[in-house]
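Undergrad:
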Amino acid sequence: MPNILVVEDSPTMRQLISFAMRRIEKAKVIEATDGVDALKKLSENQVDIILADINMPVMDGLKLVSLVRSNPSYKDIPVIIITTEGAEEDRKKAMAIGANAYLPKPIQTQELIRLVKKYLETN
Amino acid sequence: MKEKPILRKAEEFLQLFKKGEEFTKGLLQENERLRYRVAELEEALSQSENKTRLQHYEQHIKMLEEEIQSLKQRYRKVEEENRDFAKKYIEVEEENNNLANLYVASYQLHSTLDYEEVLRIVLEIIINLIGADRFAIMLIDEKSNDLTAVAAEGLDTGALPKIKIGEGIIGRVAKEGEGYFPDELVHTDNIDLQKPMVCIPLKIKEHVIGVIAIYSFLIQKKEFSNVDYELFNLLAGHAATAIFSSRLYTQSERKLSTIQGFLELLKDRK
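Those protein sequence lines, which keep their order, are chains V and F.
Using our numbering, the letters of the first sequence map in sequence onto residues 1 to 123.
Using our numbering, the letters of the second sequence map in sequence onto residues 1001 to 1270.
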């Protein structure tokens, strides 16, 4: 049963992404509202993949990715960034920090589901 | 004299023997001829069987070829049906996702009666689900009857001009209640606050309470999809109702709090 951590400050996007993720067979969705909340949820749950926004209060998505990659317990968890920042340099920056994939908003949920399934299978 | 009959008899016997020899030779020749004939007939019969078998095989091949053709046709039909199913599956998936977007947007819009929160949710929907970059929510001021910005993204709310009903694109949308959409999505850094790229009326039935004016979209947004138009329609109705009811609720809450304050004051004086 894959555990998917959705880190998003916008309730609308959080609900939309969670809604899409629940369509993946047996998937359990864990929601977090920012980077700090995400680290708390990571310590409490066995997470298989992280979907994170960049622009969030308290701790943004990029900081979260760098902390995840520097922690031996979480470093292998795939991270997909979902953001309004669609410029190529933003994508490169996120990938350099350690994100596995970068999806600019507005997202196509089929594309997101396909990507999550791919990382869950390879992981 | 006695020798003569013996000789004659011997001669007769010899003749008889010769005849017998000839008869035997004839029989042997006939036997040989008949053997040859039998061999000929056997050969003919064998050839005849081969021909029949060949005809049978040819018929069988023809039947198999027809069957192959029929199977090929069925395969093509099934392939075509599969393509149709795959196409329909993609359409259903897309429809499903669009409905999810609309459900989430509608759910969020009606999840609170807090006016500021409703405005924040409308902004969120426009940014995250539609992909707008710079836009404003403008409501009709009941006193001045002008359109005034109450919330904005990527723009300073205070810097947005007040617009008279019927004036320019925004005023016309507010007056006529019909959305304004471009033929294609164009990205530009220079925006004119009087000329939005998209303008959606906020309507409760036929009564317009304001507009959403979108000036630019996120660079990754290349075109409008069907769900964008569905979301524009949803915002036109549901956002209007949510904004209107939350504003009324907030106002009534404020009035109630003021009245309660007066009552407390009166109680204290007594």
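C-beta atoms are modelled at their ideal positions from N, C-alpha and C, and glycine is treated no differently.
Computed from a predicted model, the values in this text were never measured in an experiment.
(1) Could you check which residue in V:114, V:71, V:52 has the C-alpha nearest to that of residue 7 of chain V?
(2) If you follow the beta strand (DSSP E) that residue 1138 of chain F is in, where does it begin and where does it stop?
(3) Quick one: is residue 109 of chain V near chain F, going by C-beta distance under 8 Å?
(4) What are the start and end residues of each continuous alpha helix (DSSP H) run of 4 or more residues lying completely inside the segment 1138-1195 of chain F, in chain order?
(5) Rounded to the nearest angstrom, what separates residue 1129 of chain F and residue 1242 of chain F at their Cα positions?
(6) Roughly how many whole angstroms lie between the Cα atoms of residue 1160 of chain F and residue 1193 of chain F?
(7) Kindly indicate the opening and closing residues of the alpha helix (DSSP H) around residue 1229 of chain F.
(8) Taking residue 1131 of chain F as the query, report the chain V residues whose CB atoms sit under 7 Å from its CB, ordered along the chain.
(9) Within its chain, find whatever has a CB closer than 7 Å to the CB of residue 1018 of chain F; leave out the 5 residues flanking it on each side and keep chain order.
(10) Measuring alpha carbon to alpha carbon, tell me which residue in F:1046, F:1108, F:1228 is nearest residue 1118 of chain F.
(11) For residue 31 of chain V, does the three-state DSSP call read helix, strand or coil?
(12) Can you tell me whether residue 1251 of chain F is buried or exposed? The criterion is at least 16 other CB atoms within 10 Å of its CB, across all chains shown.
(13) Helix, strand or coil for residue 1257 of chain F? Go by DSSP, reduced to three states.
(14) Does the Cβ-Cβ distance between residue 1209 of chain F and residue 1137 of chain F come in under 8 Å?
(15) Let me confirm a value: residue 13 of chain V is counted as buried when at least 16 other C-beta atoms fall within 10 Å, else exposed. Which label applies?
(16) On the three-state DSSP scale, how would you describe residue 1238 of chain F?
(17) What does residue 61 of chain V reach in chain F if we use C-beta pairs closer than 7 Å?
(18) Name, in chain order, the residues that DSSP records as bridge partners for residue 1056 of chain F.
(19) Taking 8 Å as the threshold (beta carbon to beta carbon), is residue 20 of chain V in contact with chain F?
(20) Among F:1176, F:1154, F:1149, which one has its Cα closest to the Cα of residue 1163 of chain F?
(21) Taking C-beta pairs closer than 7 Å, name the residues in chain F that residue 86 of chain V reaches, listed in chain order.
(22) Would you grab the beta carbon distance between residue 1230 of chain F and residue 1185 of chain F for me? Rounded to a whole angstrom, and I think it's under 8 Å.
(23) On the DSSP letters alone, give me the boundaries of the alpha helix (DSSP H) that residue 61 of chain V sits inside.
(24) Which chain V residues are close to residue 1233 of chain F, counting only those with a beta carbon under 7 Å from its beta carbon?
(25) So residue 1174 of chain F packs on residue 1165 of chain F, CB below 8 Å; how close in whole Å?
(26) Between residue 1097 of chain F and residue 110 of chain V, which are expected to be in contact by the criterion C-beta below 8 Å, what is the C-beta distance as a whole number of angstroms?
(27) Drop a sphere of 10 angstroms on the beta-carbon of residue 1011 of chain F, count the other beta-carbons inside from all chains shown, and report buried for 16 or more, exposed for fewer.
(28) With 8 Å as the threshold, decide whether the Cβ of residue 1107 of chain F is near any Cβ in chain V.
(29) Is it true that the segment 28-41 of chain V meets the segment 63-77 of chain V, where meeting means three or more beta-carbon pairs spaced less than 8 Å apart?
(30) Scan the segment 11-45 of chain V for residues whose Cβ lies nearer than 7 Å to a Cβ of chain F and list them as they occur along the chain.
(31) Excluding the five sequence neighbours on either side, which residues of its own chain have a C-beta within less than 8 Å of the C-beta of residue 1188 of chain F, listed in chain order?
(32) Helix or strand or just coil, what does DSSP make of residue 1215 of chain F?
(33) Could you compute how far the alpha carbon of residue 99 of chain V sits from the alpha carbon of residue 59 of chain V?
(34) Can you tell me where the beta strand (DSSP E) holding residue 50 of chain V begins and where it ends?
(35) Strictly below 7 Å CB to CB, what residues from chain V border residue 1125 of chain F?
TA: In short:
(1) Here residue 7 of chain V refers to the residue found at position 7 when the first sequence is read from its first residue. When only C-alpha atoms are compared, the closest one is V:52.
(2) Here residue 1138 of chain F corresponds to residue number 138 of the second sequence, with the count starting at 1. Residues 1132-1140.
(3) Here residue 109 of chain V corresponds to residue number 109 of the first sequence, with the count starting at 1. Closer than 8 Å: yes.
(4) 1168-1176
(5) By one-based count along the second sequence, residue 1129 of chain F stands at place 129. By one-based count along the second sequence, residue 1242 of chain F stands at place 242. Cα-Cα distance, rounded: 18 Å.
(6) For the purposes of this step, residue 1160 of chain F is taken as residue 160 along the second sequence, with counting starting at 1. For the purposes of this step, residue 1193 of chain F is taken as residue 193 along the second sequence, with counting starting at 1. Taking the straight line joining both Cα atoms gives about 7 Å.
(7) Numbered from its first residue, the second sequence carries residue 1229 of chain F at position 229. Run containing residue 1229 of chain F: 1226-1234, per the alpha helix (DSSP H) assignment.
(8) By 1-based counting over the second sequence, the position of residue 1131 of chain F is 131. Within 7 Å Cβ-Cβ: 105, 106.
(9) Taking the second sequence and counting its residues from 1, the one referred to as residue 1018 of chain F is at position 18. Here the set comprises nothing.
(10) To locate residue 1118 of chain F, count along the second sequence from 1; it is residue 118. Ranking the options by Cα distance to residue 1118 of chain F, first place goes to F:1108.
(11) Position 31 of the first sequence, counted from the start, is the residue given in the question as residue 31 of chain V. Residue 31 of chain V: strand per DSSP, three-state reduction.
(12) In the second sequence, counting from the first residue as 1, residue 1251 of chain F sits at position 251. Exposed, since its Cβ has fewer than 16 Cβ neighbours within 10 Å.
(13) Within the second sequence, residue 1257 of chain F is the residue found at index 257, counting from 1. Looking at residue 1257 of chain F - three-state DSSP - the assignment turns out to be helix.
(14) Locating residue 1209 of chain F in the second sequence gives position 209, where the first residue counts as 1. Locating residue 1137 of chain F in the second sequence gives position 137, where the first residue counts as 1. Taking 8 Å as the Cβ cut-off, residue 1209 of chain F and residue 1137 of chain F do not qualify as a contacting pair.
(15) As a working mapping, residue 13 of chain V is identified with position 13 in the first sequence. With 16 or more Cβ atoms within 10 Å of its Cβ, residue 13 of chain V is classed as buried.
(16) In the second sequence, the residue the question calls residue 1238 of chain F occupies position 238. Helix at residue 1238 of chain F.
(17) As a position in the first sequence, residue 61 of chain V is number 61, starting the count at 1. For residue 61 of chain V, no chain F residue has a C-beta closer than 7 Å to its own C-beta; the minimum C-beta separation is roughly 14 Å.
(18) Stepping through the second sequence from its first residue, residue 1056 of chain F is reached at position 56. According to DSSP, which records beta bridges pairwise, residue 1056 of chain F is partnered with nothing at all.
(19) What you label residue 20 of chain V is simply residue 20 of the first sequence in a count that begins at 1. With 8 Å as the cut-off, residue 20 of chain V counts as an interface residue toward chain F.
(20) By one-based count along the second sequence, residue 1163 of chain F stands at place 163. Selected option, being the one with the closest Cα: F:1149.
(21) One-based indexing of the first sequence puts residue 86 of chain V at position 86. Chain F residues near residue 86 of chain V: 1218, 1219, 1220.
(22) As a first step, residue 1230 of chain F must be located in the second sequence, where it is residue number 230. As a first step, residue 1185 of chain F must be located in the second sequence, where it is residue number 185. No, residue 1230 of chain F and residue 1185 of chain F are not in contact; Cβ-Cβ is about 16 Å, not under 8 Å.
(23) What you label residue 61 of chain V is simply residue 61 of the first sequence in a count that begins at 1. Residues 61-70.
(24) By one-based count along the second sequence, residue 1233 of chain F stands at place 233. Those do not exist, as residue 1233 of chain F stays about 16 Å from chain V at its closest Cβ, beyond 7 Å.
(25) Looking up residue 1174 of chain F in the second sequence gives position 174. Looking up residue 1165 of chain F in the second sequence gives position 165. With a Cβ gap of about 5 Å, residue 1174 of chain F and residue 1165 of chain F count as contacting.
(26) Counted from its first residue, the second sequence places residue 1097 of chain F at position 97. Counted from its first residue, the first sequence places residue 110 of chain V at position 110. Contact holds; Cβ gap of about 6 Å.
(27) Working through the second sequence from its first residue, we reach residue 1011 of chain F at position 11. By the beta-carbon neighbour count (other beta carbons within 10 angstroms, threshold 16), residue 1011 of chain F is exposed.
(28) Here residue 1107 of chain F corresponds to residue number 107 of the second sequence, with the count starting at 1. Answer yes: the Cβ-Cβ gap between residue 1107 of chain F and chain V drops below 8 Å somewhere.
(29) Using a Cβ-Cβ distance cut-off of 8 Å, the segment 28-41 of chain V and the segment 63-77 of chain V are in contact, since at least three pairs of beta carbons, one from each stretch, lie closer than that value.
(30) 11, 12, 13, 15, 16, 19, 20
(31) On the second sequence, position 188 is the one that residue 1188 of chain F refers to. 1216, listed in sequence order.
(32) For the purposes of this step, residue 1215 of chain F is taken as residue 215 along the second sequence, with counting starting at 1. Strand at residue 1215 of chain F.
(33) Translated into the one-based positions of the first sequence, residue 99 of chain V becomes position 99. Translated into the one-based positions of the first sequence, residue 59 of chain V becomes position 59. Distance between the alpha carbons of residue 99 of chain V and residue 59 of chain V: 16 Å.
(34) The sequence position of residue 50 of chain V within the first sequence is 50, counting from 1. First-last of the beta strand (DSSP E) with residue 50 of chain V: 49-52.
(35) Residue 1125 of chain F sits at position 125 when you count from the first residue of the second sequence. Under the 7 Å cutoff, chain V gives 12.
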